[in-house]
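Have a look at the structure below, then the notes.
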Amino acid sequence: MSKSIDQVFVNAKQWLLSCLAGSPTWVIQVVSSLINIFALLAVFLTLFALISVLERKILARMQNRYGPNRVGPFGLFQPIADGIKMLIKEDIVPARADKIVHFLAPVLIAAVAILTLGVIPYGRNMTLFTIDGGILFFFAVGSSTELAVFMAGWGSNNKFSMLGAMRAIAQMISYELPLIITVLPVVMVVGSLTPGRIVAAQAGYTFGVVPRWFVFTPWGVTAFILFFVSGLVESNRTPFDVPEGESEIVAGHMTEYSGFKYATFFMAEYIGMFAVSGLAVTLFLGGWHAPARTLEFIPSYLWFFAKLSVLLFVYVWVRGTLPRTRVDQMMNFAWKFMLDAACADGCGRLW
Numbered sequence: 021m022s023k024s025i026d027q028v029f030v031n032a033k034q035w036l037l038s039c040l041a042g043s044p045t046w047v048i049q050v051v052s053s054l055i056n057i058f059a060l061l062a063v064f065l066t067l068f069a070l071i072s073v074l075e076r077k078i079l080a081r082m083q084n085r086y087g088p089n090r091v092g093p094f095g096l097f098q099p100i101a102d103g104i105k106m107l108i109k110e111d112i113v114p115a116r117a118d119k120i121v122h123f124l125a126p127v128l129i130a131a132v133a134i135l136t137l138g139v140i141p142y143g144r145n146m147t148l149f150t151i152d153g154g155i156l157f158f159f160a161v162g163s164s165t166e167l168a169v170f171m172a173g174w175g176s177n178n179k180f181s182m183l184g185a186m187r188a189i190a191q192m193i194s195y196e197l198p199l200i201i202t203v204l205p206v207v208m209v210v211g212s213l214t215p216g217r218i219v220a221a222q223a224g225y226t227f228g229v230v231p232r233w234f235v236f237t238p239w240g241v242t243a244f245i246l247f248f249v250s251g252l253v254e255s256n257r258t259p260f261d262v263p264e265g266e267s268e269i270v271a272g273h274m275t276e277y278s279g280f281k282y283a284t285f286f287m288a289e290y291i292g293m294f295a296v297s298g299l300a301v302t303l304f305l306g307g308w309h310a311p312a313r314t315l316e317f318i319p320s321y322l323w324f325f326a327k328l329s330v331l332l333f334v335y336v337w338v339r340g341t342l343p344r345t346r347v348d349q350m351m352n353f354a355w356k357f358m359l360d361a362a363c364a365d366g367c368g369r370l371w
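Below, the structure is given as structure tokens:
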């Protein structure tokens, strides 16, 4: 019974594909990919709406406020109201902007964020697109974010937008190095770049009690902390949201965007946060494996999203606790500490 519940979504997809029995192979493959894409969008757009309102509620609680409480029960429908407001707002494009580049920037940044979600295993047999070099694909596609940010700053023809874009690119490139280096020990231990095999390598329990997750190893806990901090920077989250310093450069590379385009940037930031957190769960927290043998009856995908939710809460917690850092402090921290610590951790694992 528990196995059928665990594979309910896989079985549902197979049932839908069975309706195409006798069709050409390419038709079945296209329909299978479309099912995966629509399922991915449905889950993470719902999660985006839920997290956005919960973040506002949690931050309000930390600041002794109520937060959104007008639209729907407990304010849970606030994201719907915000989405409608963004859709009906006027789309203003600066007269001297490069209109094509200005339009393509939010499309590219959203597409990149969504693509990175496709290689993460969300449960047993629940990797949407199984790629042998899934980790390499994640970073190769994710690095295109810098291009989208530059397009937003350049295409807006605004000094604040360009300055914000250059800040964002500088910090993302600086922190991508430790982010990638912290993944190398995991890849060396497992001997594979496939996320599914990395999760499988963390199955089982030491002495029948302690999960064999990499975060419970000396090198793994260090790599996890460095990865998480680098993920904060890559997601432009507080205290590393320097590119969006309101008192200095308004909204950074998003200054000249309004309406649905601005909402697309906002959504891409959250989806990028989901992707980095999901990769952290995959690499260090055992993926969809249960933390105890007695809890393995719970569906694997619930364990994945439970771990993901914990990391997302830490993101919100950090945002409500720490102030924004200065640009020089953030860059010094990257090159003088994070990079050295990541290299030392990798060398320690080799030793």
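Following the numbering used here, the numbering of the sequence shown begins with 21 at its first residue and continues without gaps.
Positions of the beta carbon are idealized from the N, C-alpha and C atoms, including for glycine.
This one's a predicted model, so the numbers in the text were calculated from it and none came from an experiment.
Closest residue to N177 among V301, G307, N56 and T275 (Cα-Cα distance): Of all alpha-carbon atoms in V301, G307, N56 and T275, the one lying nearest the alpha-carbon of N177 is that of T275.
Exposure of F324, with buried meaning 16 or more beta-carbon neighbours within 10 Å: Answer is buried; the Cβ neighbour count reaches 16.
Own chain residues within Cβ distance below 7 angstroms of A117, not counting five before or after: Closer than 7 angstroms at Cβ, skipping near neighbours: G175, S176, N177 and E276.
A220 - containing alpha helix (DSSP H), residue span: For A220, the uninterrupted alpha helix (DSSP H) segment begins and ends at P215 to A220.
Residue from I48, T284, T202 and V296 whose Cα sits closest to the Cα of G162: Out of I48, T284, T202 and V296, V296 has the C-alpha closest to the C-alpha of G162.
Check whether A300 and F260 have beta carbons under 9 angstroms apart: A distance of 9 angstroms or more separates the beta carbons of A300 and F260.
L124 beta carbon less than 9 angstroms from that of M407: Lying outside 21 to 371, the shown extent of the chain, residue 407 is not represented and no answer is given.
Buried/exposed call for S38, threshold 16 Cβ in 10 Å: The residue in question, S38, is exposed, as its Cβ has fewer than 16 Cβ neighbours within 10 Å.
Cut-off 6 angstroms between Cβ atoms - residues of its own chain near S181, not counting five sequence neighbours on either side: In its chain, beyond the 5 residues on either side, G173, H273, T275 and E276 have a beta carbon closer than 6 angstroms to the beta carbon of S181.
Meets three-Cβ-pair contact criterion under 8 angstroms: the region 129–148 and the region 298–315: The region 129–148, when compared against the region 298–315, does touch it at the 8 angstroms Cβ threshold.
Whole-angstrom distance between S320 and M21, CA atom to CA atom: Caution applies to M21, whose pLDDT of 47 falls short of 50 and renders its modelled position unreliable; the value that the coordinates give is listed next. Their Cα atoms are separated by approximately 14 angstroms.
Neighbour-count burial assignment, V336, 16 or more Cβ in a 10 Å radius: It is buried - the Cβ of V336 has at least 16 other Cβ atoms within 10 Å.
Local conformation of T150 per DSSP, three classes: It is coil, neither helix nor strand.
Closest Cα partner of F285 within the set L342, V127, S194 and L148: It is V127 whose Cα lies nearest to the Cα of F285.
T226 in three-state terms, based on DSSP: Strand, per DSSP.
Beta-carbon gap between L332 and M287 smaller than 9 angstroms: With contacts defined by Cβ atoms closer than 9 angstroms, L332 and M287 do not form a contacting pair.
9 angstroms Cβ cutoff met for G279 and K109: The criterion of a C-beta distance shorter than 9 angstroms is satisfied by G279 and K109.
Residue environment, G251, which counts as buried when at least 16 other CB atoms sit within 10 Å: Counting Cβ neighbours within 10 Å, G251 comes out buried, since at least 16 surround it.
Bridge-paired residues (DSSP) for P231: Beta-bridge pairing links P231 to Y225.
Cβ pair S72, P99 closer than 9 angstroms: At a Cβ-Cβ threshold of 9 angstroms, S72 and P99 count as neighbours.
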